[in-house]
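K.L.:
My numbering numbers the first residue of the sequence shown as 33 and each following residue consecutively.
The structure is given below, and queries will be raised subsequently.
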Amino acid sequence: MNEIKKRFGAGWVVYLAALSIVAYLFSGIMLTVALSLVSEHGVMQMHYAIEALQAGRMSSLEYSRKITELSDSGLRMMAIFTAVNFIAVTAFFLSVRTMGKYSVALEAKVKELSGK
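As structure tokens, then:
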């Protein structure tokens with residue numbers, strides 16, 4: 033990273049920072065949408081469970097099991113979405129960083145070979 037800073041100055045650092053911020057914002061939007069879908073699914077399932085309880089098709093014990101099951105599955109899905117989001121953003125940042133390092137090294141090699 034120091035080689036990139038020396039070679040391109042503050043402009044390159046700002047560019048990398050901007051790319052990282054955009055990646056985090058985009059992944060944050062995707063995470064919000066995913067969590068909204070999980071929440072909506074849970075609300076619909078709870079609504080059906082309440083209707084079944086009121087209609088007598090489900091006992092209160094079955095209802096409490098259903099609510100516990102919905103809570104557990106919702107938490108698992110949120111944890112999975114958050115982990116996948118973090119991995120994706122980290123991979124994006126590392127790929128940009130690696131690309132910068134290799135481009136600096138490649139440019140130095142081209143200059144070295146053209147100087148001979």
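We put the beta carbon where it would ideally sit given N, CA and C, even for glycine.
Since the model is a prediction, treat every value here as computed from it, not as a measurement.
How many whole angstroms separate the CB atoms of F113 and A66, which I take to be in contact at a CB cut-off of 8 Å?
P.N.:
Confirmed, about 5 Å.
K.L.:
List the whole-angstrom C-beta distance separating F125 from S52, where the pair is believed to meet the contact cut-off of C-beta under 8 Å.
P.N.:
Confirmed, Cβ separation roughly 5 Å.
K.L.:
Go to S96, then tell me how far its alpha helix (DSSP H) extends in each direction, as first and last residue.
P.N.:
It spans 92-147 - the alpha helix (DSSP H) in which S96 sits, taken as one unbroken run.
K.L.:
Just to confirm before moving on: does the CB-CB distance between G106 and S68 stay below 9 Å?
P.N.:
Contact: no.
K.L.:
Please confirm if the stretch 73-85 is in contact with the stretch 96-104, defined as three or more CB-CB distances below 8 Å between the two stretches.
P.N.:
Taking 8 Å as the limit for Cβ pairs, the verdict is that the stretch 96-104 does touch the stretch 73-85.
K.L.:
Within a Cβ cutoff of 7 Å, which residues of the same chain sit near Y95, ignoring the five residues on either side of it in sequence?
P.N.:
A81, L85, listed in sequence order.
K.L.:
L57 and R129 - do their beta-carbons sit closer together than 9 Å?
P.N.:
No; because the gap between Cβ atoms is not below 9 Å, this pair is not in contact.
K.L.:
Can you say whether G43 is buried or exposed, counting buried as having 16 or more other CB atoms within 10 angstroms of its CB?
P.N.:
Label assigned to G43: exposed.
K.L.:
When the distance is taken between beta carbons, is S103 closer than 9 Å to G11?
P.N.:
Here the chain covers residues 33 to 148 and nothing more, so residue 11 does not appear.
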